[in-house]
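Count along the sequence shown from 1, then add 308; that gives the number in my numbering.
Virtual Cβ for every residue (Gly too), placed ideally from N, Cα, C.
The structure presented is a predicted model; accordingly, all values stated were derived computationally and were not measured.
Report on the structure given below.
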Amino acid sequence: MTRMDRLLLSVAEVISRLVIGWVFVESGWGKLQNLRQVVSYFGSLGIPFSSIQAPLVAGVELGAGMMILIGYKARFASIPLAFVMLVALATAKWQEIDGVSSLFGLSELLYFVVLLWLAARKSDALSFDSWLSVRKNSALMDQNGVLV
């Protein structure tokens with residue numbers, strides 16, 4: 309992989325993580341602020357236990373979105389959000405899907421794909437995980453830069 313390839317991949321990772329994290333932080337916060345309406349909407353979709361599911365989904369979106377946004381365990385945080393997107397496709401968006409073209413036009417599918425990509429990647433250089441790793445490794449080195 310060339311230097312330019314690595315640079316472009318790093319930029320794509322950071323931008324993808326920041327954008328998808330922001331989307332879910334806003335979505336989760338919005339659901340928490342309008343919980344009564346979200347519970348009612350989930351119930352209208354036939355989602356069982358909507359009074360439990362709505363705050364759970366809101367919390368997952370907010371918490372996992374925040375983790376992805378700052379890059380803390382983003383690989384793991386992506387998995388429950390990908391599941392939420394599958395449920396959204398199967399419930400809220402199912403009536404809109406009449407073929408591959410309509411499926412590919414849904415933002416929920418795009419979010420699902422980006423979340424899978426983030427789950428498959430290591431932490432990017434600008435993530436909190438990367439910062440923690442550098443701090444941990446520097447704490448294990450002596451004055452000469454040798455791991456102890």
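Same chain only: Cβ atoms within 7 Å of residue i, ignoring 5 sequence neighbours per side
i: S358; result: V347, F350, G351
Where residue i falls, given that 16 or more other Cβ within 10 Å makes a residue buried
i: K444; result: exposed
i: R325; result: buried
i: V421; result: exposed
i: E369; result: buried
i: E334; result: exposed
i: L317; result: exposed
i: A428; result: exposed
i: E321; result: buried
i: S409; result: exposed
Supposed close pair residue i, residue j - CB separation, criterion 8 Å
i: L417; j: L411; result: 6 Å
i: D432; j: S438; result: 7 Å
i: L426; j: A382; result: 6 Å
i: W330; j: L397; result: The Cβ separation is near 21 Å, so there is no contact.
Sub-8 Å separation of residue i and residue j beta-carbons
i: M375; j: A385; result: yes
i: G336; j: G379; result: no
i: A366; j: L343; result: yes
i: L423; j: I328; result: yes
i: L414; j: K401; result: yes
i: T310; j: I355; result: no
Contact set for residue i: own chain, Cβ-Cβ below 8 Å, skip 5 residues either direction
i: I387; result: L423, A427
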